[in-house]
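Okay, so here's the structure we're looking at.
Protein chains: 2
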Amino acid sequence: MDRPRTDKRTIIRRRQKEQKEELRAHILRTAGQLFVELGYSNFSMRKLAERIGYSPATLYVYFRDKDDLLFLVVDDAFMRFTERLEAAASGGTDMWERLGRLGEAYVTFGLEHPAYYQLMFMWRIDYLMEPQGIQKIPRVQAFDVLLRTVRDAMEQGVLRAESPETASDLLWAAMHGIVSLSIQMPMFNQQRTEKLMRHAMEMLYKALHS
Amino acid sequence: MDRPRTDKRTIIRRRQKEQKEELRAHILRTAGQLFVELGYSNFSMRKLAERIGYSPATLYVYFRDKDDLLFLVVDDAFMRFTERLEAAASGGTDMWERLGRLGEAYVTFGLEHPAYYQLMFMWRIDYLMEPQGIQKIPRVQAFDVLLRTVRDAMEQGVLRAESPETASDLLWAAMHGIVSLSIQMPMFNQQRTEKLMRHAMEMLYKALHS
DNA sequence: TCCTTTAAGTGAACACAGTTCAATTAAAGT
DNA sequence: ACTTTAATTGAACTGTGTTCACTTAAAGGA
């Protein structure tokens, strides 16, 4: 039997694999930071390589290309986004209040992470559709949270609309409009944004609450 | 006296100037087309140079840099945008109806010219603020149309809101949200977009009409 | 211990980008 | 015919994403 040998070998193999994944994760983390620091248009593979202390070519051992890398960075952002939405939409019994907290969480995330929000929803929308088949990815789960909450609110009778899909599209468009303007337009300072958000909430209440 | 000489000279000078401005205008037109064809990320000065049959360096005789050129292209788009809004918001006496047509014109422009809309409101927002002082530029006039229409509607008593500024922010965010989602998200096909627009109009009516 | 195999990492190159500037060319002025 | 002026550009510089043959070092096997 070659038990000890095989053990040793597999242990080493595992350690190698772990080290590789560690470096991969390190690259991803650093990419996220650098991206936030520099913005989309100034982020480059070569700068990232310099930051982590490897040659540019090394990045291509760990990631297919720049798109692949940024896609994974965005994936992470979507996970955190979805978590926040889920946390906001759960707890409490009044579905209308939950819906309000969901909207606030959406806007807050966008304002706190403008670079990510832009990458997620404004600049690289193609990322949303990359793996063409499945719906299990974080990207789509975020919409599910919204849709589920709206559906619950309609079932509980506090929200009236033609359909859950229609209502969630409406809410999404409203929140997206607010975040987009706020993080892009320089004239939208904090108080103007807050005022807009407050009035949007009132409007949605008047139009959709029952 | 050197009258004839001077006349001849000025005529030639003018012709030269005209030719130069003609070429400049030609470059701008071609840049607009090429930009729509290729999209923001694939548009390049070198491709534009090849298209017009000059060397890349020539472009820098007529324009400071790529930003300067694209800024002027966007300027043109903003002019057409403002014209459309103004045409929609005038004519007819019912201010609420005018406001509705204004919103529809906004969305229609975005859907018809997605490449321009993205450049105007999503990718290069810095263009909105370039010449830091004045408000005479087309960019800002578009907002004026909205603000004026809202103000008129409030004065006529068909729109109730805390202030014209608040109401126009709200309308802008709603329209921008609809356009953004529609031109970026692949799942928003024509009928989903139309449905969203219809419901948004209903919502605005319920919340703001009086 | 020596040799072989495997895999991580990279130097150098390619094509493309925006931009600059000295040199070229052609037209206008004298 | 000579000089001045203005338009145009070739060639270069820096920076980008990406590839691939090559180096280097560790692991496996004798």
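Top line first, the protein sequences correspond to chains A and B.
Mapping of the first sequence onto our numbering: position 41 corresponds to residue 1281, and the numbering continues sequentially without gaps.
Mapping of the second sequence onto our numbering: position 56 corresponds to residue 1296, and the numbering continues sequentially without gaps.
Each residue gets a CB set at the ideal place from its N, CA and C atoms; glycine is no exception.
Note that this is a predicted model, so its numbers are computed, not measured.
Assuming residue i and residue j make a contact with CB atoms under 8 Å, what is their CB distance in whole Å?
| i | j | result |
| --- | --- | --- |
| residue 1390 of chain A | residue 1450 of chain A | Not really, about 13 Å apart at Cβ, beyond 8 Å. |
| residue 1274 of chain A | residue 1263 of chain A | Contact doesn't hold; Cβ gap of about 16 Å is too wide. |
| residue 1182 of chain A | residue 1322 of chain A | As displayed, chain A neither begins before 1241 nor continues past 1450, which places residue 1182 of chain A out of reach and without an answer. |
| residue 1408 of chain A | residue 1436 of chain A | That belief does not hold up - the Cβ atoms of residue 1408 of chain A and residue 1436 of chain A are roughly 20 Å apart, past 8 Å. |
| residue 1268 of chain B | residue 1312 of chain B | 6 Å |
| residue 1363 of chain A | residue 1280 of chain A | 6 Å |
| residue 1270 of chain B | residue 1254 of chain B | Going by Cβ atoms, the distance from residue 1270 of chain B to residue 1254 of chain B rounds to 24 Å, so no, they are not a contact pair. |
| residue 1443 of chain B | residue 1394 of chain A | About 15 Å separates the two Cβ atoms, so there is no contact after all. |
| residue 1316 of chain A | residue 1272 of chain A | 7 Å |
Quick one: what's residue i bridged to in DSSP?
| i | result |
| --- | --- |
| residue 1449 of chain A | A/1399 |
Does the distance from the C-beta atom of residue i to that of residue j stay below 8 Å?
| i | j | result |
| --- | --- | --- |
| residue 1285 of chain A | residue 1306 of chain A | yes |
| residue 1347 of chain A | residue 1425 of chain A | no |
| residue 1423 of chain A | residue 1309 of chain A | no |
| residue 1314 of chain A | residue 1360 of chain A | yes |
| residue 1377 of chain B | residue 1413 of chain A | no |
| residue 1329 of chain B | residue 1320 of chain B | no |
| residue 1400 of chain B | residue 1448 of chain B | yes |
| residue 1318 of chain A | residue 1388 of chain A | no |
| residue 1421 of chain B | residue 1440 of chain A | no |
| residue 1276 of chain A | residue 1327 of chain A | no |
Members of the region 1322–1334 of chain B that neighbour chain A once the beta carbon cut-off is set at 8 Å = none
Note down, one range per segment and in chain order, each alpha helix (DSSP H) of at least 4 residues found wholly within the region 1301–1370 of chain B.
-> 1306–1329, 1335–1352, 1354–1358
Run through the region 1385–1433 of chain B for me and flag every whole alpha helix (DSSP H) of 4 or more residues, listed as ranges in chain order.
-> 1404–1424
Members of the region 1383–1404 of chain B near chain A, C-beta cut-off 8 Å | Taking 8 Å as the Cβ-Cβ cut-off against chain A, the residues of the region 1383–1404 of chain B that qualify are 1401, 1402.
Write down every uninterrupted run of the alpha helix (DSSP H) in the region 1256–1306 of chain A whose length is 4 residues or greater and which is fully enclosed by it, in chain order.
-> Taken in chain order, the complete alpha helix (DSSP H) segments of 4 or more residues contained in the region 1256–1306 of chain A are 1285–1292, 1296–1302.
Taking a cut of 8 Å between CB atoms, which residues from the region 1355–1371 of chain B lie near chain A?
-> 1361, 1362, 1363, 1365, 1368, 1369
Name the residues in the region 1411–1427 of chain B whose C-beta lies less than 8 Å from a C-beta of chain A; which are they?
-> For the region 1411–1427 of chain B, which is checked against every Cβ of chain A, the residues closer than 8 Å are 1412, 1413, 1414, 1415, 1416, 1417, 1418, 1420, 1421, 1424, 1425, 1426.
Could you please tell me which residues of the region 1296–1309 of chain A, in chain order, have their CB closer than 8 Å to any CB of chain B?
-> none
Taking any Cβ of chain A, which residues in the region 1333–1348 of chain B have a Cβ under 8 Å from it, in chain order?
-> none
Going along the region 1254–1283 of chain B in order, which residues come within less than 7 Å of chain A, judged by CB to CB distance?
-> Along the region 1254–1283 of chain B, there is no position whose C-beta sits under 7 Å from a C-beta of chain A.
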